[in-house]
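Engineer: I'd like to ask you about the structure that follows.
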Amino acid sequence: MPPLTRPEGTEPAALHLTRRGAVSMFFAGYALAAWSADAAPVTTPADGLVIEEALIPNGAAQNGKGPLPAYVARPKGRARHAAVVVVNEIFGVHDYIKDVCRRLAREGYVAVAPEFFYRSGVNLPALTDFAQIRPIVAQASVGQADGDLRATTAWLRRQRFAKPGAVGVTGFCWGGTVAWRAAMVDPDVKAAVAWYGQLKPLIPRAAELRAPVLGLYGERDQGIPVADVQAMRAAIKAAGAKSEIVLYPEAPHGFHADYRDSYREAAANDGWARLLRHFRANGVS
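Note that the sequence shown covers residues -3 to 281 in my numbering.
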């Protein structure tokens, strides 16, 4: 990849960045397995933003897999900004995840969405069968996902546009669980927001939380029972962790996903407002 000349000057990290061009590393469109024909997804414009695609060194090149691809959205200009790592659902990086990045960028953040499932070589958003998707997702182990996230925050430390010491993480579904773990294992993470990530494996680990987490969950989630939410709340309290969980009545799993039938506008908007307050209250601003 040729060096990129940036408005603020070429830098070594430019060797791992490409502005959006004719060919993108990411799927164009919404995840086909979950798309609703009746959906009217939010579309956030990119004017005033820089949209880039990054290749983040994560050690995988040693195994022939290459570096970690990531979608990046950030405000234009020379200023440094707080950063948020956006962790996808089981469908990988598609238009919904990219739009979340642009929403954050319009709030003044550098938003980075790594493609955690790239090692499979499968274009996950293009698949229509959950039976095909789940085994691919299962290949992304806890250690692998946590390592990719740490590689992303380490990459952010080297970027001239990222504000030092101001990194948050947010994730959805599969990514919600990754966001919880990020607050446990990555010292660069100052705060996390987890949207309906599985809690059962995290309950025994509540004492490991180093950064405050805001959990956003639906009372009608068929995969995450209210009992798990209550157990995690109790574990957080017992550990003295500065984290909290909001439970939305009548909201199902995926209530923020505006391209799906599960979308609930009121809960999604309230959760987003809480996300912004949580980050700003905890040094991600």
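All residues carry an ideal CB built from backbone N, CA and C; glycine is no exception.
Can you give, in chain order, each stretch of the beta strand (DSSP E) that sits fully within the region 103 to 164 and has at least 3 residues?
Structural biologist: 106 to 110
Engineer: Going by DSSP, what residue range makes up the alpha helix (DSSP H) through ARG273?
Structural biologist: 261 to 277
Engineer: Take every Cβ of the region 263 to 273, pair it with every Cβ of the region 199 to 213, and state whether three or more of those distances are shorter than 8 Å.
Structural biologist: yes
Engineer: Rounded to whole angstroms, what's the CA-CA distance from ASP125 to PHE113? Just pull it up for me.
Structural biologist: 16 Å
Engineer: Assuming VAL163 contacts VAL181 (C-beta within less than 8 Å), just tell me the rounded distance between them.
Structural biologist: 13 Å between Cβ atoms; not a contact.
Engineer: Which word fits ALA175, buried or exposed, when buried means at least 16 other C-beta atoms lie within 10 angstroms of its C-beta?
Structural biologist: buried
Engineer: Determine the contact status of LYS72 and GLY55, defining contact as a CB-CB distance below 8 Å.
Structural biologist: no
Engineer: If we require 4 or more residues per run, which alpha helix (DSSP H) segments fall completely within the region 159 to 236?
Structural biologist: You should have 170 to 181, 222 to 235.
Engineer: Is the beta carbon of VAL225 closer than 8 Å to that of LEU195?
Structural biologist: In this structure, the beta-carbon distance from LEU195 to VAL225 falls below 8 Å.
Engineer: State the CB to CB distance for the pair ALA284 and ALA101, rounded to an integer number of angstroms; the pair is presumed to be in contact (CB under 8 Å).
Structural biologist: Given that the chain is displayed from residue -3 to residue 281, the structure contains no residue 284 and the question cannot be resolved.
Engineer: Just curious, the beta strand (DSSP E) that TYR26 is in, first and last residue?
Structural biologist: Careful: TYR26 lies outside any beta strand (DSSP E) and carries neither H nor E.
Engineer: Is the distance from the Cβ of PRO110 to the Cβ of ASP144 below 8 Å?
Structural biologist: In this structure, PRO110 sits near ASP144, with a CB-CB distance shorter than 8 Å.
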